[in-house]
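S.K.:
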Amino acid sequence: MLIGYARVSTSSQSLDLQIKALKEAGCDKIFSDIASGAKAIRPGLSDAEMVLREGDVLVVWKLDRLGRSIQHLIASINDLNSKGIGFRSLQEAIDTQTSGGKLIFHIFSALAEFERDLIRERTNAGLNAARARGKKGGRPKSMEQAKSIRLLKQMHDDPSYSINDICKTFNISRSTFYRYLKSDHS
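Per my numbering, numbering of the sequence shown is gapless, rising by one per residue and ending at 1318.
1) How many angstroms separate the CA atom of His1288 from the CA atom of Ser1294?
2) Can you list, in chain order, the residues of its chain whose CB lies under 6 Å from that of Ala1244, leaving out five sequence neighbours each side?
3) Helix, strand or coil: which one does DSSP assign to Arg1248?
4) Please list, in chain order, all residues of the same chain as Ile1217 whose beta carbon is under 8 Å from its beta carbon, the five residues on each side excluded.
5) Alpha helix (DSSP H) containing Gly1199: first to last residue?
6) Starting from the C-beta of Ala1180, find all residues in its chain whose C-beta is less than 7 Å away, skip the five residues before and the five after it, and write them out in chain order.
7) Note the first and the last residue of the continuous beta strand (DSSP E) segment covering Tyr1137.
8) Using the Cα positions of Ile1173 and Ser1305, report the straight-line distance between them to the nearest angstrom.
9) Taking the alpha carbon of Tyr1312 as the point to measure from, which residue in Phe1302, Ile1281 and Asn1303 has its own alpha carbon closest?
Here it is, written out as structure tokens:
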């Protein structure tokens, strides 16, 4: 069975073009959403997924109607494939039930993985370069936190306060206490 899914981002847009194309493609049932692709909750897509069975095909007018990003799209199609459900995009002429469609999909998957690896490499290179220049990551300590750390260190130097007393006063764990004690924010 062919199950269609259509989506527009706003109520001012029309689903008519997509629904017409899905009907012409032979879809037995068509589900739709009026929601941004960035939103994870799409009731129409959820309803379509409930109806889909092994051997069925989910048909969309265009790839971006299904996925919020290339990674999300690939994850969605992989999920369908793992359940024995095919996928077809009318505009891009991708059909995961054909060898050519599978090839195109695997190329998309490889490109997305390549992109993730490049981003990871660039991020790590940037972090390593920053560390080499003596930069520390994370948000700078606030003045309030710096004052609290100074007070914590003063209390630690005063023998009348136990570590447990200090931890209770600041509502912190012992490991946080020792981390603050070692910090250079005083």
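Just so it is clear, CB atoms sit at the ideal spot from N, CA and C, and this is done for glycine as well.
M.R.: In short:
1) Pairing His1288 with Ser1294, the inter-Cα distance amounts to about 8 Å.
2) Beyond the five residues adjoining it in sequence on each side, Ala1244 comes within less than 6 Å, by CB distance, of Ile1202, Gln1203 and Ile1206 in the same chain, given in chain order.
3) Arg1248 falls in the helix class under three-state DSSP.
4) If we look at Ile1217 and ignore the five residues flanking it on each side, its Cβ neighbours are Leu1184, Arg1185, Glu1186, Gly1187, Asp1188, Val1189 and Leu1190.
5) Premise fails: Gly1199 is in no alpha helix (DSSP H) and is neither H nor E.
6) These residues qualify, in order along the chain: Ile1135, Tyr1137, Phe1163 and Leu1190.
7) Run containing Tyr1137: Leu1134 to Val1140, per the beta strand (DSSP E) assignment.
8) So the alpha carbons of these two residues sit roughly 38 Å apart.
9) Shortest Cα-Cα distance from Tyr1312 to any of Phe1302, Ile1281 and Asn1303 involves Ile1281.
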